[in-house]
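Participant:
There are 2 protein chains.
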Amino acid sequence: MRITIQDVAREAGVSVATVDRVLNRRPGVRPATVQRVEAAADKLAYQPDRLAARLARARDYRFCFILPKGTNTFMQNLQAEVEAAAQRLSVERVRISVHQVDVFDAQALADELESLGDSYDGVAVVALDHPLVREALNGLVEAGVKVVTLVSDAPGSKRAHYVGIDNTAAGRTAAMLLGRFVGPRSPEKGPGKVGLIAGSLALRDHVERQFGFEQIMAREFPHLEVLPVREGRDDYEKVEAVTRALLAETPDMVGIYNVGAGNRGIVRALEAAGRQRDIVFIAHDLTPFTRKQLVRGTIDAVINQDPGHEARSAARVLLSACEGFDFVADQERIRIDVFLRDNIP
Amino acid sequence: MRITIQDVAREAGVSVATVDRVLNRRPGVRPATVQRVEAAADKLAYQPDRLAARLARARDYRFCFILPKGTNTFMQNLQAEVEAAAQRLSVERVRISVHQVDVFDAQALADELESLGDSYDGVAVVALDHPLVREALNGLVEAGVKVVTLVSDAPGSKRAHYVGIDNTAAGRTAAMLLGRFVGPRSPEKGPGKVGLIAGSLALRDHVERQFGFEQIMAREFPHLEVLPVREGRDDYEKVEAVTRALLAETPDMVGIYNVGAGNRGIVRALEAAGRQRDIVFIAHDLTPFTRKQLVRGTIDAVINQDPGHEARSAARVLLSACEGFDFVADQERIRIDVFLRDNIP
DNA sequence: CTGAAAGCGCTTACAG
DNA sequence: CTGAAAGCGCTTACAG
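Here's what the structure looks like:
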């Protein structure tokens, strides 16, 4: 019933060791033998048993997760989820270690990546879209290390896979929600103003969200005017200052979209101005804080990416790459979650 | 480094066979021995290796999925996803078969469940909330079969787990979207009317969605009036007739929520009346059809549950139950997806 | 009630 | 370049 490596060996007239060599592309087999084994495997429709393979391996798989250090709640959650996955996989022959680097420092990230050499079978990294980083990633890939980017991609690089959401689409979704929640506006009032706050315009995901947002606002909601983006550095005190200024300057503000972190600052500024009810506020990332404000009604919708899903997905994708299996594309697609008050998990 | 059953055996002064018996609660071990083995396992913080266990088992795990027969696109997708999961798991010592029964016939479903006896280790079933079904489910559970309900729950029963969304919360979410998308209404116009269509009020999920929807509409959007629910039997021709009637009777209709299937009928009726632009339409379940209407703008939002996730989750939960492991709660939580035009996968 | 031994389907040195 | 044998951490008859 089950076709094993034994059956293939018999069919090909070789030993199981040779079949193993061929199937796992290990060197030192005569081309003619490779042919015969491959033909036999094809003929029998052999499917390797990855459980048995993992069990038999002498070495564990070693993965490294490189995450930005000391930052916002989302990244802390992500790290916690990576550690939880590490804990679970430790019984399944996968060892995961977590390294931390400064997010904004491309050089430091590149150095860290290069220092890894080939001491890991797989690396998952919250990347930066920067030539130095791309180079470092490509270096790892060429050294035979499996590489995935996590949450933030480095598009030009040779990484095998990006585990994260489409941030442009996330920005478009935010715009759609904001525009529709604000609703139509009687023409005599003139265009309503919409505030846009980002952490840093050096972060690719922030820029992409902004781009998607402005695209849809312009196309679908011409009666709303998006104000020039302000940077809040993902720091809530800075974000609060920026928002206070925005509110003071803009009596006819009808909506705010915060592309990055620091939502606490916006809530404070809105409450100080007593405008938390009449301004539509779209934020990113479900945290205890945003959840609470969603329930209270100050935040109207949260766009989310599930850090638990991302952590598990990165590990699964790396494992599949190491074992030479395809991953289940559907299962590894990270959703752009939309949370309103009633569908938060 | 890795603690194995060997280590536990040595520590307890017994053989590995005895450790296996104790750890897997197999009968025929003296209580005193059980104590000793358990103490040893605790002391060493032994964690069994589920890969090795699966490999060593003589028998495969046998799971049965019971799905409603010949119904809507969602159920067809669900079946396809179950089959895809079955295909993948077949290499991992899990055999999944799919049975089909008539959804609306509690007796038939109960009979089917009872006929299963103990020929399966696990059963996943799209349930009906009916005493006969509950009894049959409890019978299976008592016979030692692991049981999960899928998509539609049977709350009073002893099933181990429900794989699906909270339908009341889904209805509340639909209401929130509809109410906010419609927006405020000048008082002189009087309350706007909202049409509510369900497949059948005998289906628990439909009733729950309706309940959640009406709850939020009443509480949050008093300027909107929800019309009495109409049944469309999840059949698009019937749904079209119902919608046409609704539209004819209700010139001031501002929104429609379809709790069940048959969205095609609503789109046709809206287009026939030329009102697809000014009526907010919230539907369930992403299909090629709803996706297209979302892009065209006739459907304003789709509330979704991911059939791929549900199929895989049911299989994983059953497998964990059979192997005596906890599942990862977070991973098995089925999301209430909200899809707008820009975040569809 | 308990244990010794074989075996699940692979991978890994070690020989040749 | 290829094969025989041991071993991964369990479970399973079979003996006793």
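Sequence lines, in order, name chains A and B. Just so you know, our numbering puts 577 at position 276 of the first sequence, and the rest follows in order with no gaps. Just so you know, our numbering puts 536 at position 235 of the second sequence, and the rest follows in order with no gaps. For each residue, glycine too, the CB sits at the ideal point set by N, CA and C. Keep in mind that this is a model prediction, so the values were computed, not measured.
1) Tell me T450 (chain B)'s beta-bridge partners as DSSP assigns them.
2) Taking the alpha helix (DSSP H) that L504 (chain A) falls in, what are its first and last residues?
3) Considering only the beta carbon of each residue, do V495 (chain A) and G563 (chain A) sit closer than 8 Å?
4) When you compare the CB of A425 (chain A) with every CB in chain B, is at least one pair closer than 8 Å?
5) What whole-angstrom Cβ distance do V681 (chain B) and I498 (chain B) have, given they're in contact under 8 Å?
6) Thinking just about the alpha-carbon of each residue, which of B:D350, B:R389, B:V399 is nearest to the one in I670 (chain B)?
7) Where do the N-terminal and C-terminal ends of the beta strand (DSSP E) with S398 (chain B) fall, by residue?
8) So with Cβ pairs under 8 Å, would you call V603 (chain B) a contact of chain A?
9) Give a yes or no on whether 8 Å exceeds the smallest Cβ distance from M376 (chain B) to chain A.
10) For H524 (chain A), which of helix, strand or coil comes out of DSSP?
11) Using the beta-carbon of each residue, which ones in chain A are nearer than 8 Å to E393 (chain B)?
12) What does I580 (chain B) reach in chain A if we use C-beta pairs closer than 9 Å?
13) Look up L417 (chain A) in the DSSP assignment and give the residues it is bridged to.
14) Would you please verify whether the beta carbon of V639 (chain B) is less than 8 Å from any beta carbon of chain A?
15) Taking only beta-carbon atoms, is N644 (chain B) less than 8 Å away from chain A?
16) By Cβ distance, which residues of its chain are closer than 6 Å to V407 (chain A), with the 5 residues on each side in sequence left out?
17) Within the continuous beta strand (DSSP E) that includes M376 (chain B), where are the two ends?
18) Under the three-state reduction of DSSP, which class applies to P328 (chain B): helix, strand or coil?
19) Does DSSP put K370 (chain A) in a helix, a strand or coil?
20) E443 (chain A): which of A:S453, A:V452, A:V424 sits nearest, CA to CA?
21) With DSSP as the reference, please indicate the residues paired to D638 (chain B) in a beta bridge.
22) What does the Cβ neighbour count give for L502 (chain A), buried or exposed, with the cut at 16 atoms within 10 Å?
23) Report the rounded CA-to-CA distance for Y362 (chain B) versus R337 (chain B), giving the unit in angstroms.
24) Rounding to the nearest angstrom, what Cα-Cα distance links G566 (chain B) and A584 (chain B) in this structure?
25) Measuring alpha carbon to alpha carbon, tell me which residue in A:V446, A:I466, A:L571 is nearest D419 (chain A).
26) So, under 8 Å CB-CB, R486 (chain B) and G493 (chain B) are touching, yes? Tell me the CB distance rounded to an integer number of Å.
27) Would M554 (chain A) pass as an interface residue toward chain B - the criterion being a Cβ-Cβ separation below 8 Å?
28) In the DSSP assignment, find the unbroken beta strand (DSSP E) run with M554 (chain B) in it and report its ends.
29) Kindly indicate which residue of B:K370, B:G500, B:L379, B:L438 has the alpha-carbon position closest to the one of V530 (chain B).
30) With DSSP as the reference, label A407 (chain A) as helix, strand or coil.
31) State the Cα-Cα distance for the pair F626 (chain A) and I637 (chain B), rounded to the nearest angstrom.
32) Taking CB distances under 8 Å as the criterion, tell me whether G609 (chain B) reaches chain A.
33) Please look up how many angstroms separate the CB atoms of D467 (chain B) and R473 (chain A), rounded, as I've assumed it's under 8 Å.
34) Give me the chain A residues within the contact set of G484 (chain B), using Cβ-Cβ distance strictly less than 9 Å, ordered along the chain.
35) Using the Cβ count rule (16 or more neighbours within 10 Å means buried), how would you classify N325 (chain B)?
36) Might you give, ordered along the chain, the residues of its own chain that have their beta carbon closer than 6 Å to the beta carbon of V464 (chain B), omitting 5 neighbours on each side?
Facilitator: With the structure as the only source:
1) B:V426, B:Y463
2) That residue, L504 (chain A), is in no alpha helix (DSSP H); it is neither H nor E in DSSP.
3) no
4) Output row for A425 (chain A): interface = no.
5) The requested residue 681 (chain B) is not part of the displayed model; chain B covers only 302 to 646.
6) Summary: the structure shown does not reach residue 670 (chain B), with chain B confined to residues 302 through 646, and so no result is reported for it.
7) 395-402
8) no
9) no
10) coil
11) Residues of chain A passing the Cβ test: D350, R351, L352.
12) Within chain A, no residue comes near I580 (chain B); the closest Cβ sits about 14 Å away, beyond 9 Å.
13) Note: L417 (chain A) sits in no beta bridge, so no partner.
14) With respect to chain A, the C-beta atom of V639 (chain B) has a partner C-beta closer than 8 Å.
15) yes
16) The amino acid at residue 407 (chain A) is misidentified as Val; the sequence shows Ala. Here the set comprises L429, H431, L433, V434.
17) Where M376 (chain B) is concerned, there is no enclosing beta strand (DSSP E), although the alpha helix (DSSP H) it sits in stretches over 374-390.
18) In this structure, P328 (chain B) counts as coil in the three-state DSSP scheme.
19) coil
20) A:V424
21) B:N605
22) exposed
23) 30 Å
24) A584 (chain B) has its alpha-carbon roughly 12 Å from the corresponding atom of G566 (chain B).
25) A:V446
26) 5 Å
27) no
28) 554-559
29) B:G500
30) helix
31) In a straight line, the C-alpha of F626 (chain A) is about 30 Å away from that of I637 (chain B).
32) yes
33) Contact flag wrong, Cβ pair sits at about 27 Å.
34) R481, F482, V483, G484, P485
35) exposed
36) Around V464 (chain B): V449, L451, E611, S614, A615.
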